[in-house]
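Below is one structure, written out as structure tokens; the observations come after it.
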Amino acid sequence: MLLCFLTLVCPQIVFAKDFVVHDSILEERTAQKIEEMGSELFAKSGVQVFLIAKQNSDEEIVAFEKNFAKDLNGSYVLLTLFLEQKKVDIYASSDMEKAFDKEAVLSPLPWKGTIIPLLTTKKNDVSAGAALLNGYADIVEQIAAFKKVDLQSAIGSSNKTTINLVRLGVYGFVGFLVVLMLYRRMKNRG
Numbered sequence: 035m036l037l038c039f040l041t042l043v044c045p046q047i048v049f050a051k052d053f054v055v056h057d058s059i060l061e062e063r064t065a066q067k068i069e070e071m072g073s074e075l076f077a078k079s080g081v082q083v084f085l086i087a088k089q090n091s092d093e094e095i096v097a098f099e100k101n102f103a104k105d106l107n108g109s110y111v112l113l114t115l116f117l118e119q120k121k122v123d124i125y126a127s128s129d130m131e132k133a134f135d136k137e138a139v140l141s142p143l144p145w146k147g148t149i150i151p152l153l154t155t156k157k158n159d160v161s162a163g164a165a166l167l168n169g170y171a172d173i174v175e176q177i178a179a180f181k182k183v184d185l186q187s188a189i190g191s192s193n194k195t196t197i198n199l200v201r202l203g204v205y206g207f208v209g210f211l212v213v214l215m216l217y218r219r220m221k222n223r224g
């Protein structure tokens with residue numbers, strides 16, 4: 035009875051997200067998947083990974099993160115996006131700084147980064163939610179590997195593996211053609 039009353043009066047208490055804070059930037063499915071990954075990682079490793087996605091803020095992103103983190107205990111990572119300011123940052127407790135590669139996650143290079151390449155794409159169908167899900171999954175999976183835990187809810191890196199295999203095949207083929215041309219040139223001279 036109390037739960038029904040709370041649901042009607044104050045739904046944000048009943049449906050509160052533990053690891054996702056957003057200003058309606060994310061679709062509900064995306065928020066649920068992020069929540070699922072964060073909950074599983076926390077249950078298995080004790081590490082909290084928060085996603086904070088705000089439309090805008092009057093504070094600087096690092097000041098906001100420090101203020102958010104001051105009440106947190108234990109190991110934590112904050113992935114923060116201020117959409118209008120076009121700012122993305124990752125802030126971590128000191129024991130988590132070596133658990134994942136912050137520079138790789140935030141890299142603007144498409145073959146390395148998992149957030150910024152999607153945020154800066156010209157396609158209209160790519161939302162901030164997709165970029166944040168991608169980046170959050172990358173962070174959670176790196177921490178899980180560091181802590182040696184297996185996550186059932188992980189997205190995995192099958193796309194990266196496929197892209198790397200295609201890239202290897204193309205480079206291998208180009209290398210083969212170069213060697214073949216050099217061989218024929220040497221054979222014709224000799």
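Under our numbering, think of the first position of the sequence shown as 35, with each following residue one higher. Beta carbons: idealized from backbone N, C-alpha and C, even for Gly.
{"Item": "Alpha-carbon spacing of R223 relative to V200, whole angstroms", "Value": "35 angstroms"}
{"Item": "Residue closest to I124, alpha-carbon to alpha-carbon, out of F116, K136, E69", "Value": "K136"}
{"Item": "Cβ-based burial, S109 [other Cβ within 10 Å; buried from 16]", "Value": "buried"}
{"Item": "Spatial distance of I150 from K100 (CA atoms)", "Value": "22 angstroms"}
{"Item": "Cβ neighbour criterion (16 or more within 10 Å) applied to A138", "Value": "exposed"}
{"Item": "D184 burial status per 10 Å Cβ neighbour count (16 or more: buried)", "Value": "exposed"}
{"Item": "Rounded separation between D57 and K182 - CA only", "Value": "33 angstroms"}
{"Item": "Distance between L202 and L211 (C-alpha atoms, nearest Å)", "Value": "14 angstroms"}
{"Item": "Contacting residues, own chain, Cβ-Cβ under 7 angstroms from E70 (five flanking each side not counted)", "Value": "S187"}
{"Item": "Nonlocal neighbours in the same chain, by C-beta distance under 6 angstroms from E175, ignoring five residues either side", "Value": "A188"}
{"Item": "Short Cβ contact (9 angstroms threshold) for G163 with E61", "Value": "yes"}
{"Item": "Check whether F84 and L112 have beta carbons under 9 angstroms apart", "Value": "yes"}
{"Item": "Whether I59 touches K78 by CB criterion (9 angstroms)", "Value": "no"}
{"Item": "Outcome for V122 when other beta-carbon atoms lying within 10 angstroms are tallied against a minimum of 16", "Value": "buried"}
{"Item": "Whether I86 touches F98 by CB criterion (9 angstroms)", "Value": "yes"}
{"Item": "Helix, strand or coil at L214 according to DSSP, with G and I counted as helix", "Value": "helix"}
{"Item": "Spatial neighbours of E74 in its chain, beta-carbon cut-off 7 angstroms, leaving aside the 5 residues before and after", "Value": "L185, Q186, S187"}
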